[in-house]
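Have a look at the structure below, then the notes.
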Amino acid sequence: MFDSILDWAANGLANWSWWEIVIYTLVMTHITIAGVTIFLHRCMAHRSLDLHPIAQHFFRFWLWMTTGMVTKEWTAIHRKHHAKCETPDDPHSPVHKGLLTVLRKGAELYMEEAKNEETLRIYGKNC
-14 MFDSILDWAA
-4 NGLANWSWWE
6 IVIYTLVMTH
16 ITIAGVTIFL
26 HRCMAHRSLD
36 LHPIAQHFFR
46 FWLWMTTGMV
56 TKEWTAIHRK
66 HHAKCETPDD
76 PHSPVHKGLL
86 TVLRKGAELY
96 MEEAKNEETL
106 RIYGKNC
């Protein structure tokens, strides 16, 4: 029994080698970055790209499962950021919040702004 626990701790459920874990991590990270860049940013926030509904559903589900991002919240906050850029109303302005705050607490700034119903109502249309 103890040997099984040690084997699981050393190799995980799939018993992968270190390079397989690295490849898996890189692929998962790449899909997530592509989801944010292509789906959330280009398709949803700026409407500069139309994706097939299957691709949209894939990315929406992927990002929700891997990052916990809610499409409407991310889109609304990003649109507000562009509408109020570098003003006190910008949800994540390094000019007003401080660069280190934005870099270290970016996720917290998003979560805080996601609670703002007015932001979601005004900037989250068509999500």
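Sequential numbering of the sequence shown, starting at -14, is according to our numbering.
Every residue, glycine too, gets a C-beta built ideally from N, C-alpha and C.
- For residue 91, the enclosing alpha helix (DSSP H) stretches over residues 84 to 99.
- For residue 59, the enclosing alpha helix (DSSP H) has its first and last residue at 56 to 68.
- Secondary structure at residue -12: helix, using DSSP grouped into helix, strand and coil.
- With a cut-off of 8 Å on Cβ pairs, the segment 51 to 70 is in contact with the segment 93 to 103, counting three or more such pairs.
- The beta carbons of residue 60 and residue 30 sit closer together than 7 Å.
- Residue nearest to residue 27 within the set 46, 70 and 56 is 56 (criterion: CA-CA distance).
- Counting C-beta pairs closer than 8 Å gives three or more between the segment 16 to 24 and the segment 34 to 46, which meets the contact rule.
- Each residue's CA atom was taken as its position, placing residue -13 and residue 0 some 16 Å apart.
- Residue 107: member of the alpha helix (DSSP H) spanning 102 to 108, first to last residue.
- Residue burial annotation: residue 9 is exposed, with fewer than 16 other C-beta atoms found within 10 angstroms of its C-beta.
- In this structure, residue 94 lies near residue 77, with their beta-carbon atoms less than 7 Å apart.
- A residue is called buried once 16 or more other Cβ atoms fall within 10 Å of its Cβ, and residue 54 is buried on that count.
- Of the other Cβ atoms in all chains shown, fewer than 16 fall within 10 Å of the Cβ of residue -3; this residue is therefore exposed.
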